[in-house]
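For reference, the structure discussed in these notes is given below.
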Amino acid sequence: MAQEKEPNFTRIQPDTFGGNMALSNAWGDYDNDGDLDLVISFKTGDVRLYNNEFGGFTNLGPVLGLPTGGKERRSIAWGDYNADGYLDLYVGSNRQGNELYRNEKSQSFTDVSRQMRVDIPQVSARQINWIDYDNNGTLDLFVADRVGPNFLFSNDGQKFVDVSVETGLADPRATVGACWFDYNSDGFLDLFLA
Numbered sequence: 017m018a019q020e021k022e023p024n025f026t027r028i029q030p031d032t033f034g035g036n037m038a039l040s041n042a043w044g045d046y047d048n049d050g051d052l053d054l055v056i057s058f059k060t061g062d063v064r065l066y067n068n069e070f071g072g073f074t075n076l077g078p079v080l081g082l083p084t085g086g087k088e089r090r091s092i093a094w095g096d097y098n099a100d101g102y103l104d105l106y107v108g109s110n111r112q113g114n115e116l117y118r119n120e121k122s123q124s125f126t127d128v129s130r131q132m133r134v135d136i137p138q139v140s141a142r143q144i145n146w147i148d149y150d151n152n153g154t155l156d157l158f159v160a161d162r163v164g165p166n167f168l169f170s171n172d173g174q175k176f177v178d179v180s181v182e183t184g185l186a187d188p189r190a191t192v193g194a195c196w197f198d199y200n201s202d203g204f205l206d207l208f209l210a
């Protein structure tokens with residue numbers, strides 16, 4: 017919905033966005049053209065990437081190599097983990113293995129989940145956060161799990177290392193939301209879990 021004048025909203029492309037079973041979405045400029053694009057994950061397994069061109073949206077997910085079915089994909093988040101200037105995509109599933117898709121300069125996406133050690137086979141991912149928890153200049157990855165312990169992966173610049181236990185974040189209680197912020201202004205991110 018777009019707000020024209022307070023408080024009125026107008027539907028944008030209702031035929032394009034009228035589907036149901038969407039579970040998560042995220043805005044990001046995956047192609048660095050200056051406008052925000054929209055990615056949506058679905059219960060049916062689709063990951064639809066709606067490219068924004070002059071205010072009109074077209075699903076380029078299948079053309080760019082993103083999934084068009086299969087396992088239920090519950091959460092999704094953009095983050096440039098390899099610092100190449102292009103947003104990459106992490107997709108959380110419901111206990112069927114999460115996925116990290118490297119953005120190949122907006123021409124395609126490559127699944128690098130196993131290579132980067134973030135596939136996590138038995139997690140029911142409900143919230144994904146890209147953050148720099150250790151202030152080393154690289155994006156780290158936090159995955160909130162609804163049925164088991166949460167995961168924090170430190171990005172060492174080459175791969176991700178699971179630091180959940182040593183940081184005290186492998187909490188086994190069900191987590192459906194995570195919010196990172198610096199509540200005490202000490203320069204380090206703190207975390208609130210729900």
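Under the working numbering, the sequence shown is numbered contiguously, ending at residue 210.
Even for Gly, the Cβ is constructed at its ideal location relative to N, Cα and C.
Residue i - DSSP class collapsed to helix/strand/coil
i, result
"A160", "strand"
"F25", "strand"
"S91", "strand"
"Q143", "strand"
"S40", "strand"
"A186", "coil"
"E115", "strand"
"S109", "strand"
"A210", "coil"
"D104", "strand"
"L54", "strand"
"F197", "strand"
"F125", "strand"
"T32", "coil"
Nearest-angstrom Cα separation, counted from residue j out to residue i
i, j, result
"I56", "R64", "5 Å"
"R90", "K59", "7 Å"
"M132", "E22", "45 Å"
"V139", "S109", "7 Å"
"V181", "P188", "11 Å"
"S40", "D202", "32 Å"
"R118", "T26", "34 Å"
"G72", "Q29", "8 Å"
"G86", "N200", "43 Å"
"L205", "A141", "21 Å"
"G6", "I147", "Since the displayed the chain opens at 17 and closes at 210, residue 6 lies outside it and no answer follows."
"G34", "T74", "13 Å"
"F70", "D45", "13 Å"
"N48", "R111", "32 Å"
"F158", "A93", "11 Å"
"T183", "T32", "43 Å"
Other residues of its chain near residue i: CB distance less than 6 Å, five sequence neighbours each side excluded
i, result
"L207", "W196"
"S124", "L80, G81"
"L209", "T191, A194"
"T84", "D62, P78"
Same chain only: Cβ atoms within 7 Å of residue i, ignoring 5 sequence neighbours per side
i, result
"D178", "F167, F169"
"A38", "I56, F58"
"P165", "S180, A186, D187, P188"
"E120", "T126"
Sheet register partners of residue i (DSSP bridge)
i, result
"E69", "G72"
"L168", "F158"
"T60", "In the DSSP output, where bridge partners are listed per residue, T60 has none listed."
"D178", "F169"
"T191", "None, per the DSSP bridge assignment."
Cβ-based neighbour list, residue i, same chain, cut-off 8 Å, excluding 5 preceding and 5 following
i, result
"G173", "T154"
"G113", "K87, S129, D135, I136, P137"
"D198", "F204, L205, D206"
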